[in-house]
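**Student:**
2 protein chains.
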Amino acid sequence: MKNINVGILGIGNVARGTYQTLELNRSKIEQATGASIQITKILNRRPELDRGVNIPKEIYVTDVNEILDDSSIDIVVELIGGIEPATEYMARALKAGKHVVTANKAAIAANGKMLQALAQENNVLLRFEGSVGGGIPIINAITTSLLSNEFDEILGILNGTTNYILTKMSDEGKDYAEVLADAQKKGLAEADPTADVEGIDAANKLSILMSLIFGVDIPPQEIPTQGISKLSSYDINYATEFGYRVKLLASAKKQDGSVSCNVQPTLVPFSHPIAAVSNEFNAIYITGNVADDLMFYGRGAGPLPTGSAVMGDIIGIARLIEKESAYDMQPLLRYDAPLRCAGEGSNQYYIRVTVPDRPGVLGSISSTFGKYSVGIKSMVQRAEGDGENSHVPLIFIVYQTERSVLDQALRELLDNAFVDSVDSVMRVQR
Amino acid sequence: MKNINVGILGIGNVARGTYQTLELNRSKIEQATGASIQITKILNRRPELDRGVNIPKEIYVTDVNEILDDSSIDIVVELIGGIEPATEYMARALKAGKHVVTANKAAIAANGKMLQALAQENNVLLRFEGSVGGGIPIINAITTSLLSNEFDEILGILNGTTNYILTKMSDEGKDYAEVLADAQKKGLAEADPTADVEGIDAANKLSILMSLIFGVDIPPQEIPTQGISKLSSYDINYATEFGYRVKLLASAKKQDGSVSCNVQPTLVPFSHPIAAVSNEFNAIYITGNVADDLMFYGRGAGPLPTGSAVMGDIIGIARLIEKESAYDMQPLLRYDAPLRCAGEGSNQYYIRVTVPDRPGVLGSISSTFGKYSVGIKSMVQRAEGDGENSHVPLIFIVYQTERSVLDQALRELLDNAFVDSVDSVMRVQR
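Protein sequences, first through last, are from chains S and E.
Residues 1 to 430 in our numbering are what the first sequence lists, from first letter to last.
Residues 1 to 430 in our numbering are what the second sequence lists, from first letter to last.
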């Protein structure tokens, strides 16, 4: 049985999960591969720390060159995270004729195009299943079985931390800050949760998915992104009343030669399969022109689920090495559609405003909305004011409109003092 | 650009869907394949019938040998359905050195082992993504990306017709017969619905999944199978009250060296992701020892969704032909685990009985259950009797027990006349 040698860069959660995956399932993996996969070196700059795993200390190296320059290593697995030096290391590995597997969404979203070109030049493979959706094999599905489809819509719950927080806010009626603290205690949110809660992580993943599925080159920083840190539990409760769950939805739609895309808290109707995706689970919902609606659901993070994806990529490459087979050099990331992100597109919206509690206010709002052709689909006024100078919340759901038009209408309402403040505007998924 | 020639056996829905898929998405498919896929012949024994599709009549052949003996054909796509003559034709194609793609669950469940061996002997590929879950790329996921996992549980909603009927019975409170007639009108159920409604179709698919996932050789006729034709809307309504949906669930569990498996109407808690799978949609829910819970959701039938899967298989083979690459001869169907199906295993159960409305009945039932260590988890008696000789329904959910033990307890209750009749027993999924 041939040995396939693997060097891992990094000794964090996912690296340990990958090591453990191989240890746990070695006999099945060897049977499937027809070769023996050996993790021969792991870059661990601080080998003196106890990592709580049973990795023989002899395979630790402290210098990245010991892996990148080692001609016996067939596959380099980059699990350091962050854009640099991860990108530089991957580029060096590819140039050295090594296959590269990574779970690094930030580096692939930023530099996937360059890294893929390098892989092709050097006739080696770059695989990154773990970078989107953790243990969910979405990238393989899109780039093999589903190639018979054109897709026009992507909806994703791509971040487990925020989905956990939103589920708890909704189920237990707690506030954002309280649930975040709880998630941090449980290890479901990082000490600095910014990348998760502000939607940056999800935007990286959406950028990768749009390239894989639509063939567009839209970097994450061009995706309109809004997180959940300012989300009020009021809005979650009102949304529930209207028949919706609030999800941090990464959404992209190809239509009439343009792509609308965004990451933001979105109202999803109870009846939509993605509304039932709870806690730290992720899901990707895509609609093909022949396969129609598909949803892939699973754990979007965690050492073992991500380790499952990384090891799946390693197995795929190892099978080709074992058979001495020609590599399939078809690019996964495609950039053939010259489209930019055209904002949110036309949507229904949920709007919460505070208004003075006096006669005529609703009429004025209606006629301002009417002037901009914003149709009111439903409305509630729950709280009652307690006198002439009191102020009450009004909640609307409005029919399909452009966000820019809606924003203009809302500005006019503010200017004319028909409303005191616009407290919340959220997209409604149909 | 190399031509890859395809001959299709059959001109039914899926054959036309496959043809249409290629027509619709030819440019994407050619780009992905690096070759031009040509459907050069279609077996159509009655070319005089109008099939309502735009297929040039010149490619119709009426004699199967015109395809099986045609040395220019690279891939034979079997879409006749049924076990024979489909199996015979596939075997002949494989022996003639042609790759075979099929969506035929009955033939693969019955003869997959033999056909796969033939493919290996002749160094060609046998692919059958469309045989389970229609457009859902579950077989590819299991046999590539997820090879890094051992799985211990499979739950599937594998039949769209029955899921549609159950959804309508539940949502609209209608009876089985009424909804079936409606489904037949809508083309969602066949004129003879037996294979669907009696669970035979789902058992074929579960047999294939168990071989792919567990590596066991359990033919469909060894799977305890119960359909939905005798299901009462009473039970669906009571289940809803208890917090469950009734689904025709195909379920298999590997535990302590045995496999429990069955296809039957099952109570699924609202909170389980598979409970949210409605109408004609299918889903496969599997739990890996590293990826953890995964669910794949989509359309389990229909010309285009199944055509998507068939064309996905064709593309996969065509890419290898185009590259003149070594074929990956790893078997997909595995038979390495020498396990038989050991019935339903230990489960919670839903039980509806009719009892005489008199004092002491509930006590007698409880003590009989107690004698067999069947614990009562919840109970309702809704209807009230109207006198001494009246009879009322009682509904129980009981804790984890072996089905055989439960059946013994129920027999004793009948014998001792504590209950008039046992009207319904259904497995409860946890």
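Ideal Cβ placement from N, Cα and C applies to all residues, glycine included.
None of these values were measured; they are calculated from a predicted model.
In angstroms with no decimal places, state the Cα-to-Cα distance between L147/E and I29/S.
**Tutor:** Here residue 147/E corresponds to residue number 147 of the second sequence, with the count starting at 1. Here residue 29/S corresponds to residue number 29 of the first sequence, with the count starting at 1. Roughly 7 Å separates the two Cα atoms.
**Student:** Among A35/E, S36/E, Q31/E, V61/E, which residue has its Cα nearest to the Cα of R45/E?
**Tutor:** Here residue 45/E is taken as the residue at index 45 of the second sequence, counted from 1. Ranking A35/E, S36/E, Q31/E, V61/E by Cα distance to R45/E puts V61/E first.
**Student:** Specify whether the segment 335 to 347 of chain E and the segment 177 to 196 of chain S touch according to this definition: at least 3 beta carbon pairs, one from each stretch, less than 8 Å apart.
**Tutor:** Judged by Cβ distances under 8 Å, the segment 335 to 347 of chain E makes no contact with the segment 177 to 196 of chain S, as fewer than three pairs qualify.
**Student:** Check E172/S in the structure and name its three-state DSSP category.
**Tutor:** Here residue 172/S refers to the residue found at position 172 when the first sequence is read from its first residue. In the structure shown, E172/S sits in a helix (DSSP, three-state: H, G or I).
**Student:** Do you know how far the Cα of E129/S is from the Cα of I142/S?
**Tutor:** Locating residue 142/S in the first sequence gives position 142, counting from the first residue. Locating residue 129/S in the first sequence gives position 129, counting from the first residue. Computed Cα separation, rounded: 11 Å.
**Student:** Between which two residues does the beta strand (DSSP E) harbouring V355/S extend?
**Tutor:** Within the first sequence, numbered from 1, the residue matching residue 355/S stands at position 355. Segment 346 to 356, the beta strand (DSSP E) holding V355/S.
**Student:** Is there a Cβ from chain E that is less than 8 Å from the Cβ of Y297/S?
**Tutor:** On the first sequence, position 297 is the one that residue 297/S refers to. True, the Cβ-Cβ gap to chain E drops below 8 Å.
**Student:** Return the chain-ordered list of same chain residues with a C-beta closer than 6 Å to the C-beta of V100/S, the five sequence neighbours on each side being excluded.
**Tutor:** Here residue 100/S refers to the residue found at position 100 when the first sequence is read from its first residue. Within the same chain, V100/S has close Cβ partners V76, M90, A93, L94, L126.
**Student:** So the candidates are V290/S, A301/S, G288/S; which of them puts its Cα closest to the Cα of D292/E?
**Tutor:** Within the second sequence, the letter at position 292 stands for residue 292/E. If we check each option's Cα against that of D292/E, A301/S comes out closest.
**Student:** Show which residues of chain S have a CB atom less than 8 Å away from the CB atom of E129/E.
**Tutor:** Counting from 1 along the second sequence, the entry for residue 129/E is found at position 129. Going along chain S in sequence order, the residues near E129/E (Cβ under 8 Å) are S145.
**Student:** Just the chain E side, please: which residues come within less than 8 Å of N25/S by C-beta, in chain order?
**Tutor:** Mapped onto the first sequence, residue 25/S falls at position 25. S148, N149, E150, N289, V290, listed in chain order.
**Student:** I want to verify the contact list: residues of chain E whose CB lies under 9 Å from the CB of Q330/S, in sequence order.
**Tutor:** Residue numbering aside, residue 330/S sits at position 330 when the first sequence is read from its first letter. Result: Q31, A32, T33, G34, R319.
**Student:** Is R26/E helix, strand or coil when you go by DSSP?
**Tutor:** By one-based count along the second sequence, residue 26/E stands at place 26. In the structure shown, R26/E sits in a helix (DSSP, three-state: H, G or I).
**Student:** Using C-beta distances below 6 Å, list every residue in its chain close to D217/E, excluding the 5 sequence neighbours before and after it, in chain order.
**Tutor:** As a first step, residue 217/E is located in the second sequence; it is residue number 217 there, counting from the start. Correct list, in chain order: Y335.
**Student:** Mind checking which residues open and close the alpha helix (DSSP H) that includes N322/S?
**Tutor:** Translated into the one-based positions of the first sequence, residue 322/S becomes position 322. Sequence inspection shows Glu at residue 322/S; the Asn mentioned does not correspond to that position. Start and end: 303 to 323.
**Student:** Over what stretch of residues does the alpha helix (DSSP H) that includes Q120/S continue unbroken?
**Tutor:** Residue numbering aside, residue 120/S sits at position 120 when the first sequence is read from its first letter. That run of the alpha helix (DSSP H) goes 105 to 121.
**Student:** Which partner residues does G288/S have in the DSSP bridge list?
**Tutor:** Within the first sequence, the letter at position 288 stands for residue 288/S. DSSP, once it has assigned bridges, lists F151/S, D292/S as partnering G288/S.
**Student:** Spatial neighbours of D357/S within its chain, please: C-beta separation below 7 Å, excluding the five flanking residues on both sides.
**Tutor:** Residue mapping note: residue 357/S aligns to position 357 of the first sequence, counting from 1. Only G385, S390, H391, V392 meet the Cβ criterion.
**Student:** By how many angstroms is the C-alpha of A32/S removed from the C-alpha of L320/S?
**Tutor:** Start at 1 with the first residue of the first sequence, and residue 320/S comes out as number 320. Start at 1 with the first residue of the first sequence, and residue 32/S comes out as number 32. C-alpha separation (whole angstroms): 12 Å.
**Student:** So is A276/E in contact with chain S if we call contact Cβ pairs under 8 Å?
**Tutor:** The sequence position of residue 276/E within the second sequence is 276, counting from 1. Chain S contact via Cβ: present.
**Student:** With C-beta atoms as the reference, is V398/S less than 8 Å away from I351/S?
**Tutor:** To locate residue 398/S, count along the first sequence from 1; it is residue 398. To locate residue 351/S, count along the first sequence from 1; it is residue 351. Yes; because the gap between Cβ atoms is below 8 Å, this pair is in contact.
**Student:** Specify the secondary structure class of G257/E as computed by DSSP and reduced to three states.
**Tutor:** The residue you call residue 257/E lines up with position 257 of the second sequence. The answer is coil: DSSP assigns G257/E none of H, G, I, E or B.
**Student:** Taking buried to mean at least 16 other C-beta atoms within 10 Å of its own C-beta, is P359/E buried or exposed?
**Tutor:** On the second sequence, position 359 is the one that residue 359/E refers to. So P359/E ends up on the exposed side.
**Student:** Using a Cβ-Cβ cut-off of less than 7 Å, give me the residues of the segment 41 to 74 of chain E that come near chain S, in sequence order.
**Tutor:** Going along the segment 41 to 74 of chain E in chain order, one finds no residue with a Cβ nearer than 7 Å to chain S.
**Student:** How would you list, in chain order, the residues of chain E whose beta-carbon sits under 8 Å from the beta-carbon of G257/S?
**Tutor:** Walking along the first sequence from the start, residue 257/S turns up at place 257. By Cβ distance, chain E contributes nothing, its closest Cβ being about 16 Å from G257/S, past 8 Å.
**Student:** Given 8 Å as the limit, is there contact between the segment 313 to 332 of chain E and the segment 185 to 201 of chain E, that is, 3 or more CB pairs closer than that?
**Tutor:** Segments in contact, no.
**Student:** Who are P269/S's beta bridge partners in DSSP?
**Tutor:** Residue mapping note: residue 269/S aligns to position 269 of the first sequence, counting from 1. The partner list for P269/S (beta bridge, DSSP) reads Y244/S.
**Student:** Roughly how many angstroms separate the alpha carbons of D152/S and Q429/S, rounded to a whole number?
**Tutor:** Locating residue 152/S in the first sequence gives position 152, counting from the first residue. Locating residue 429/S in the first sequence gives position 429, counting from the first residue. Rounded to the nearest angstrom, the two C-alpha atoms are 15 Å apart.
**Student:** Alpha carbon to alpha carbon, how far is N163/E from N65/E? Give it in angstroms, no decimals.
**Tutor:** Taking the second sequence and counting its residues from 1, the one referred to as residue 65/E is at position 65. Taking the second sequence and counting its residues from 1, the one referred to as residue 163/E is at position 163. One C-alpha to the other measures close to 39 Å.
**Student:** With a threshold of 7 Å on Cβ separation, who are the neighbours of R16/E within its own chain once the five nearest residues in sequence on each side are excluded?
**Tutor:** For this step, residue 16/E is matched to residue 16 along the second sequence. Cβ within range, chain order: R51, V53, P303.
**Student:** Using the beta-carbon of each residue, which ones in chain S are nearer than 8 Å to G135/E?
**Tutor:** As a first step, residue 135/E must be located in the second sequence, where it is residue number 135. Under the 8 Å cutoff, chain S gives G288, V290, A291, D292, L294.
**Student:** I'd like the ranges of any alpha helix (DSSP H) spanning at least 4 consecutive residues and lying wholly in the segment 174 to 250 of chain S.
**Tutor:** Fully enclosed alpha helix (DSSP H) runs of 4 or longer: 176 to 185, 194 to 197, 200 to 214, 233 to 242.
**Student:** Residues of chain E with a CB under 8 Å from the CB of N140/S: which are they?
**Tutor:** Position 140 of the first sequence holds residue 140/S. Those within 8 Å of N140/S in chain E are N140, A141, T144, S145.
**Student:** In three-state terms, what does DSSP make of Y399/S?
**Tutor:** On the first sequence, position 399 is the one that residue 399/S refers to. Correct three-state label for Y399/S: strand.
**Student:** For R245/S, count the other beta carbons within 10 Å of its own beta carbon; 16 or more makes it buried, fewer makes it exposed. Which is it?
**Tutor:** Here residue 245/S corresponds to residue number 245 of the first sequence, with the count starting at 1. The residue in question, R245/S, is buried, as its Cβ has 16 or more Cβ neighbours within 10 Å.
**Student:** Please classify D431/E: is it buried, with 16 or more other beta-carbons within 10 angstroms of its beta-carbon, or exposed?
**Tutor:** What is shown of chain E runs 1 to 430, which leaves residue 431/E out entirely.
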